[in-house]
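Colleague: Listed in order, the protein sequences are those of chains A and B.
Numbering-wise (the working numbering), the first sequence opens with residue 75 and increments by one.
Numbering-wise (the working numbering), the second sequence opens with residue 75 and increments by one.
Glycine residues also receive a C-beta, built at the ideal position from the N, C-alpha and C atoms.
Number of protein chains: 2
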Amino acid sequence: MGKHTCNHMTESLVEKTLLQLSQAGLRVTKQRKALLCTLAVADNPLSAEETHAQLAKGTCDLVTVYRSLEQFEKIGVLQLGVRENGTKVYCLSHGHDHHHHLTCRSCGRTERVDVCMGDELENIGRSFGYTKLTHVMELFGNCPDCVS
Amino acid sequence: MGKHTCNHMTESLVEKTLLQLSQAGLRVTKQRKALLCTLAVADNPLSAEETHAQLAKGTCDLVTVYRSLEQFEKIGVLQLGVRENGTKVYCLSHGHDHHHHLTCRSCGRTERVDVCMGDELENIGRSFGYTKLTHVMELFGNCPDCVS
DNA sequence: ATGAGTGCAAATAGTTTGCAAGCTG
DNA sequence: CAGCTTGCAAACTATTTGCACTCAT
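Spelled out as structure tokens, the structure:
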């Protein structure tokens, strides 16, 4: 499986995201390109460690992954999630299609859940007078292969 | 503020919860009583460290807090949440009123959000063939006093 | 009395910070 | 060439594990 090359389908997505970086005043480096490429081909949210592990050896230090992912999330190109154990995970915000995930707590298999009541929730937040609202929503369960 | 004594309002709730422990085959110890008492009077979800800090000095080791909270969550008397930074937090499941929280990321102030689309979400999970579904849902924002 | 529960110490996992050197715009 | 970015080392926070001892049932 292509470890550090982007396929045709994800190429334009990465390009578009890199553009967003510049627009946000961040610099485009080979490390960041590689990171975005990895996230673009991932079919589920990745933790910093996992993202790092996907990169060709020597591409980039783990610390850089942490720092970049955090910055990317701040400018909105990545969406933040949490695992049941508290680990932070990130996935590309494909345009405006905010979504969530259903993760098997046994094997890690992940399904995409397009339902999101984020707006509804954030309106509630607004009604309390809160601003800069964000939310985290994750589903966990045992997948069909992990009936355990 | 009453650090380690339960007031009248929370007393019955703690008693009821202790009963649930026995029914689940767990033992009732003075440490666990103290833990539940602390959680019963807390007006927002507490992390293990925070729970421990509320206890009278010497009541119980931090490790015991971790172990107990985890077990309590497993038998359903506590509800698990996550902070934006991944820290796990717990609050008493007052009967069946599953709920969520809106937390100020600056001062920590917390509001209770009674809206929950958990059933809806867990049905989606079931439609994927997943079992033992749980979910985590937390809202974060800046409260009116922390416009920053 | 028997095994669940506890405390203490130590190990882990995930993440953050400091600082000097490197690269982007 | 200014300053954002990176790497390396080290510090930290949250949480887990091993083991002998204690206590609830």
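#1: What does the alpha-carbon distance come out to for the pair K131 (chain B) and Y140 (chain A)?
#2: Buried or exposed: T103 (chain A), going by 16 or more other Cβ atoms within 10 Å of its Cβ?
#3: If you measure from the beta carbon of T91 (chain A) to each beta carbon in chain B, is any gap under 7 angstroms?
#4: Measuring straight from C-alpha to C-alpha, what distance separates E158 (chain B) and C165 (chain B)?
#5: Give the residues of chain B in contact with N216 (chain A), contact being defined as C-beta atoms less than 9 angstroms apart.
#6: Answer yes or no: does any C-beta atom of chain B fall closer than 7 angstroms to that of I198 (chain A)?
#7: With DSSP as the reference, label H175 (chain A) as helix, strand or coil.
#8: Looking at the C-beta of Q162 (chain A), does it have a partner C-beta in chain B at a distance below 7 angstroms?
#9: Between the C-alpha atoms of D219 (chain A) and M83 (chain B), what's the straight-line distance to the nearest angstrom?
#10: Can you pull the DSSP bridge partners for Q94 (chain A)?
#11: Going by the beta-carbon positions, is the gap between M191 (chain B) and M211 (chain A) smaller than 7 angstroms?
#12: So, does the CB of E185 (chain B) fall closer than 7 angstroms to a CB anywhere in chain A?
#13: Using DSSP with H/G/I as helix, E/B as strand and the rest coil, what is H78 (chain A)?
#14: Taking the Cβ atom as the reference point for each residue, do T177 (chain B) and F214 (chain B) lie within a distance shorter than 7 angstroms?
#15: Does R157 (chain A) come out as helix, strand or coil in the three-state DSSP assignment?
#16: Strictly under 7 angstroms for the Cβ-Cβ distance: is L176 (chain B) near chain A by that measure?
#17: Taking Cβ to Cβ, would you say V189 (chain B) is nearer than 7 angstroms to V156 (chain A)?
#18: Does any residue of chain B have a CB that is nearer than 7 angstroms to the CB of E212 (chain A)?
#19: By the three-class DSSP mapping on this structure, what secondary structure does H168 (chain B) have?
#20: If we call anything under 7 angstroms between Cβ atoms a contact, is L152 (chain A) one with F146 (chain A)?
#21: Along the stretch 95 to 117 of chain B, where does the CB come closer than 8 angstroms to a CB of chain A? Name the residues.
#22: Sort out for me which residues DSSP pairs V163 (chain B) with in a bridge.
#23: Would you call H268 (chain A) buried or exposed, if buried means 16 or more other Cβ atoms sit within 10 Å of its Cβ?
#24: First and last residue of the beta strand (DSSP E) that includes N118 (chain A)?
#25: How many Å lie between C134 (chain A) and A127 (chain A) at the Cα?
#26: Tell me whether K206 (chain B) sits in a helix, a strand or coil according to DSSP, three-state version.
#27: Suppose the cutoff is 7 angstroms on Cβ atoms and the five residues either side in sequence are ignored; what does the same chain contact list for T138 (chain A) look like?
#28: Leaving out five residues on either side along the sequence, give the residues of the same chain with a beta carbon under 6 angstroms from the beta carbon of L136 (chain A).
#29: Does DSSP put T58 (chain B) in a helix, in a strand, or in coil?
#30: Of all the CB atoms in chain B, is at least one closer than 7 angstroms to the CB of V139 (chain A)?
#31: Could you check whether S201 (chain A) and T161 (chain A) sit closer than 7 angstroms to each other, using their CB atoms as the reference points?
#32: Just the C-alpha distance for Q94 (chain A) and E194 (chain A), rounded to the nearest angstrom, thanks.
Modeller: Considering the structure as presented:
#1: 37 angstroms
#2: exposed
#3: no
#4: 16 angstroms
#5: Y204, T205, K206 and L207
#6: yes
#7: strand
#8: A small correction: the amino acid at residue 162 (chain A) is Lys; Gln does not occupy that position in the sequence shown. Yes, K162 (chain A) lies at the interface with chain B (some Cβ there is under 7 angstroms from its Cβ).
#9: 46 angstroms
#10: For Q94 (chain A), which the question treats as bridged, DSSP gives no partner whatsoever.
#11: no
#12: yes
#13: A caution first: H78 (chain A) carries a pLDDT of 48, below 50, which makes its placement in the model unreliable, though a value can still be read off. Coil.
#14: yes
#15: coil
#16: yes
#17: no
#18: yes
#19: coil
#20: yes
#21: none
#22: B:G155
#23: Here chain A comprises residues numbered 75 to 222, so residue 268 (chain A) is not present and cannot be evaluated.
#24: Unbroken run through N118 (chain A): none, as it is neither H nor E.
#25: 10 angstroms
#26: strand
#27: Q105
#28: H126
#29: This structure leaves residue 58 (chain B) out entirely; chain B is present only between 75 and 222.
#30: no
#31: no
#32: 27 angstroms
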